[in-house]
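Since the structure comes first, as structure tokens, the remarks are kept for the end.
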Amino acid sequence: GAVVSQHPSRVICKSGTSVKIECRSLDFQATTMFWYRQFPKQSLMLMATSNEGSKATYEQGVEKDKFLINHASLTLSTLTVTSAHPEDSSFYICSARDEGADNIQYFGAGTRLSVL
Amino acid sequence: AQTVTQSQPEMSVQEAETVTLSCTYDTSESDYYLFWYKQPPSRQMILVIRQEAYKQQNATENRFSVNFQKAAKSFSLKISDSQLGDAAMYFCAYRGSGGSNYKLTFGKGTLLTVNP
Chain V
1 GAVVSQHPSR
11 VICKSGTSVK
21 IECRSLDFQA
31 TTMFWYRQFP
41 KQSLMLMATS
51 NEGSKATYEQ
61 GVEKDKFLIN
71 HASLTLSTLT
81 VTSAHPEDSS
91 FYICSARDEG
101 ADNIQYFGAG
111 TRLSVL
Chain S
1 AQTVTQSQPE
11 MSVQEAETVT
21 LSCTYDTSES
31 DYYLFWYKQP
41 PSRQMILVIR
51 QEAYKQQNAT
61 ENRFSVNFQK
71 AAKSFSLKIS
81 DSQLGDAAMY
91 FCAYRGSGGS
101 NYKLTFGKGT
111 LLTVNP
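Those protein sequence lines, which keep their order, are chains V and S.
Residue numbers 1 to 116, in this note's numbering, belong to the letters of the first sequence in order.
Residue numbers 1 to 116, in this note's numbering, belong to the letters of the second sequence in order.
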């Protein structure tokens, strides 16, 4: 399957700082990428859909100003957690839609964010 | 809205034996896609198998096969000759047929333990 790279894999930051997570499709172009949040022993919760060259579409209840998404190229989407607080600590996962492979979503390895 | 239900929070199987994970879904669409993703302890989401609703033949990928019952809206995963590396959380997922809707709807997952 196609490869999606997510960086960093783990980040620890102080409360009030901002953290950027990158999601790259390495061997295909992705006009659409998705950002998920996963709590321990739970399923994936979709936060937003990132579309190249346009604004992201956020799911209900997700704060747009807290979770900034930028999809400036066909291979890169970024999620910035602004003014992070301990309650933002979680596992964040991105995926990219491969149009050349029947629109299958391929996933990054995830980022564990810990806010102190 | 579509829903995906995995009624088995946990399952266990002996190495080399066969296990079946259950998934049911609810939709009013006639054309859609169904997926099984695996999330091992590394937390990397891996696509195991997919099924297009318009195809009557059940999908098979090596030791993994599905039993797709469209009328019953059931999509179970059978793992044959279970291996220790199959131990993971398994998520069933639904995706609509197209347009702008490429979102995945996930079930809550089934944690599979493989006993040596």
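For glycine and all other residues, C-beta sits at the position ideal for the given N, C-alpha and C.
This structure is a prediction, so every number in the text was calculated from the model and none was measured.
So, at 6 Å on beta carbons, what are the nonlocal neighbours of residue i in its own chain, with the 5 sequence-adjacent residues on each side left out?
{"i": "Pro40(S)", "result": "Ala88"}
{"i": "Ser80(S)", "result": "Thr18, Arg63"}
{"i": "Ser114(V)", "result": "Ile12, Ser89"}
{"i": "Pro86(V)", "result": "Val115"}
{"i": "Lys44(S)", "result": "The sequence as given places Gln at residue 44(S); Lys does not occur at that position. Excluding sequence neighbours, Gln44(S) sits near nothing in its chain."}
{"i": "Leu76(V)", "result": "Arg24"}
{"i": "Thr49(V)", "result": "Phe34, Thr57"}
Determine the DSSP secondary structure at residue i, reduced to helix, strand or coil.
{"i": "Asp22(V)", "result": "Checking the sequence shown, residue 22(V) turns out to be Glu, not Asp. Strand."}
{"i": "Ala101(V)", "result": "helix"}
{"i": "Asp26(S)", "result": "strand"}
{"i": "Glu17(S)", "result": "coil"}
{"i": "Leu84(S)", "result": "helix"}
Please list, in chain order, all residues of the same chain as residue i whose beta carbon is under 8 Å from its beta carbon, the five residues on each side excluded.
{"i": "Ser18(V)", "result": "Thr80, Val81, Thr82, Ser83, Ala84"}
{"i": "Leu44(V)", "result": "Tyr36, Arg37, Gln38, Ile93"}
For residue i, which residues in the same chain have their Cβ closer than 7 Å to its Cβ, ignoring the five residues on either side in sequence?
{"i": "Ala109(V)", "result": "Gln6, Ser9"}
query: Taking one C-beta from the segment 82-94 of chain S and one from the segment 103-115 of chain S each time, how about it: are there three or more such pairs within less than 8 Å?
result: Because the criterion of three Cβ pairs below 8 Å is met, the segment 82-94 of chain S and the segment 103-115 of chain S touch.
Positions along the segment 103-115 of chain S whose CB lies within less than 7 Å of some CB in chain V: For the segment 103-115 of chain S, which is checked against every Cβ of chain V, the residues closer than 7 Å are Lys103, Leu104, Phe106, Gly107, Lys108, Gly109.
field: chain S contacts from the segment 91-108 of chain V (Cβ-Cβ distance under 9 Å)
entry: Listed by position along the chain: Phe91, Ile93, Ser95, Arg97, Asp102, Asn103, Ile104, Gln105, Tyr106, Phe107, Gly108.
message: Contact between the segment 69-77 of chain S and the segment 58-71 of chain V is defined here as three or more beta-carbon pairs at a separation below 8 Å; is this criterion met?
response: Contact between the segment 69-77 of chain S and the segment 58-71 of chain V is absent, because fewer than three Cβ pairs lie under 8 Å.
query: Three or more C-beta pairs closer than 8 Å, one from the segment 48-63 of chain S and one from the segment 30-37 of chain S: is that the case here?
result: Touching, yes, given that three or more Cβ pairs across the two stretches are closer than 8 Å.
- prompt: Within the chosen definition, does the segment 96-106 of chain V reach the segment 6-21 of chain S through at least 3 CB pairs nearer than 8 Å?
  reply: Contact between the segment 96-106 of chain V and the segment 6-21 of chain S is absent, with fewer than three C-beta pairs closer than 8 Å.
field: Selection of the segment 5-21 of chain S by Cβ proximity to chain V, strictly under 7 Å
entry: Residues passing the 7 Å Cβ filter: none.
task: Mind listing, in chain order, the continuous beta strand (DSSP E) runs of no fewer than 3 residues lying wholly within the segment 46-77 of chain V?
output: DSSP runs (the beta strand (DSSP E)) wholly in the segment 46-77 of chain V: 67-73.
field: Near-chain S residues of the segment 51-83 of chain V - C-beta to any C-beta below 7 Å
entry: Contact residues of the segment 51-83 of chain V toward chain S are absent (C-beta to C-beta distance below 7 Å).
message: Any C-beta of chain V within less than 9 Å: which residues of the segment 44-56 of chain S qualify?
response: Across the segment 44-56 of chain S, CB contacts with chain V closer than 9 Å involve Gln44, Met45, Ile46, Leu47, Arg50, Glu52, in sequence order along the chain.
message: Which residues of the segment 64-95 of chain S have a Cβ closer than 7 Å to any Cβ of chain V? Give them in chain order.
response: So the close ones are Phe91.
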